[in-house]
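A.B. asks:
Residue numbers (the working numbering), protein chains in the order written: chain A, 1195 to 1322; chain B, 17 to 166.
1. If distances are taken between C-alpha atoms only, which option among B/99, B/72 and B/86 comes closest to residue 1264 of chain A?
2. Buried or exposed, going by whether 16 or more other CB atoms sit within 10 Å of the CB of residue 100 of chain B?
3. Using the beta-carbon count (16 or more within 10 Å), is residue 35 of chain B buried or exposed?
4. For chain B, find out if any of its Cβ atoms is closer than 8 Å to the Cβ of residue 1311 of chain A; answer yes or no.
5. Is DSSP giving residue 111 of chain B helix, strand or coil here?
6. Please determine, among A/1249, A/1278 and A/1304, the residue with the shortest C-alpha to C-alpha distance to residue 1258 of chain A.
7. Starting from residue 1225 of chain A, follow its DSSP beta bridges and name the residues at the other end.
8. For a cutoff of 8 Å on Cβ pairs, would you count residue 1277 of chain A as touching chain B?
9. Give a yes or no on whether the minimum CB-CB distance between residue 125 of chain B and chain A is below 8 Å.
10. Per DSSP, residue 1304 of chain A is paired with what?
11. Secondary structure at residue 152 of chain B, three-state DSSP: helix, strand or coil?
12. Tell me, please, whether the stretch 1298-1307 of chain A touches the stretch 157-166 of chain B by the rule of three or more beta-carbon pairs shorter than 8 Å.
13. Only counting the same chain, and skipping five residues up and downstream in sequence, which positions put a Cβ closer than 6 Å to that of residue 1254 of chain A?
14. Residue 1315 of chain A CB to nearest chain B CB: under 8 Å?
15. Would you verify that the beta carbon of residue 1299 of chain A is, or is not, closer than 8 Å to some beta carbon of chain B?
16. In chain order, what residues of the same chain have a beta carbon less than 7 Å from the beta carbon of residue 1296 of chain A, not counting five sequence neighbours either side?
The following block contains the structure:
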């Protein structure tokens, strides 16, 4: 009962949001070679500490938090700082422990190594 | 009767042209980063913000993947121009599955809203964001006027 009352009251004293953050999809390139899948994402304005790369079963998700940059009053603007978020279904088995991510000049690079069993192997033909 | 049918078709054409135009405008209005990320022509290339903090003007632009040497900044007669080039090449030996990050060159010019001191301008690139800081000219600086009791 008491819970219900507090819910009803909430609408009147709802806390005003200081900022509404938008989330946008970063532009991504995906490459593959025999050893790994390589993913590159444009995340300008993001610091290393704001990046999160998660791999859960077959889904890779990247989120990057962009700190609001306000060096003064905005007099002409084309964008509001937005966080980046995107997830991918990785269609093949990936060595989850070997996933590495690096951030270089606003570009996030994620290396998804293939397990040894999934790599193509060269079989040497021996004379019988 | 034949001519009437012709009229109807031209009416259709006009309607479709109008729909195409509407869709183009909606594409421009919504910032969907699916084709080339933040770098759609609708928002300018690259997306730029200009700030005024009293004594300085600060321009910020998203330039992911670029470093200082890839960007040229010039200041001429109160117009700030930013030029740059971004090349995205598939790493050698890799097959490409998805390609959204564009290769492009850009030039953006901004007429500055007040006089500035071109000697005190500096530009940095950090985490894929270009920041140009320009000191305002002495007479364009805000002044504090003391109120005296009469």
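C-beta atoms are modelled at their ideal positions from N, C-alpha and C, and glycine is treated no differently.
C.D. replies: Straight from the coordinates:
1. Against the first chain, residue 1264 of chain A aligns to sequence position 70. Of the listed residues, the one whose Cα sits closest to residue 1264 of chain A is B/72.
2. In the second chain, counting from the first residue as 1, residue 100 of chain B sits at position 84. Buried: at least 16 other Cβ atoms inside 10 Å.
3. Position 19 of the second chain, counting from 1, holds the residue named residue 35 of chain B. Residue 35 of chain B is exposed by the Cβ-count criterion.
4. Position 117 of the first chain holds residue 1311 of chain A. So, not an interface residue.
5. To locate residue 111 of chain B, count along the second chain from 1; it is residue 95. DSSP places residue 111 of chain B in strand when its eight states are reduced to three.
6. Working through the first chain from its first residue, we reach residue 1258 of chain A at position 64. Just measuring C-alpha positions, the residue of A/1249, A/1278 and A/1304 sitting nearest residue 1258 of chain A is A/1278.
7. On the first chain, position 31 is the one that residue 1225 of chain A refers to. In the DSSP assignment, residue 1225 of chain A is bridged to A/1232 and B/112.
8. Residue mapping note: residue 1277 of chain A aligns to position 83 of the first chain, counting from 1. So, not an interface residue.
9. Against the second chain, residue 125 of chain B aligns to sequence position 109. It does not: the Cβ of residue 125 of chain B has no partner Cβ on chain A nearer than 8 Å.
10. By 1-based counting over the first chain, the position of residue 1304 of chain A is 110. Paired residues: A/1233 and A/1295.
11. Stepping through the second chain from its first residue, residue 152 of chain B is reached at position 136. Residue 152 of chain B: strand per DSSP, three-state reduction.
12. no
13. Residue mapping note: residue 1254 of chain A aligns to position 60 of the first chain, counting from 1. Result list for residue 1254 of chain A: 1282 and 1284, in chain order.
14. Working through the first chain from its first residue, we reach residue 1315 of chain A at position 121. No, residue 1315 of chain A does not count as interfacial toward chain B.
15. On the first chain, residue 1299 of chain A is found 105 positions in, with the first residue counted as 1. With 8 Å as the cut-off, residue 1299 of chain A counts as an interface residue toward chain B.
16. Position 102 of the first chain, counted from the start, is the residue given in the question as residue 1296 of chain A. Answer for residue 1296 of chain A: 1303, listed in chain order.
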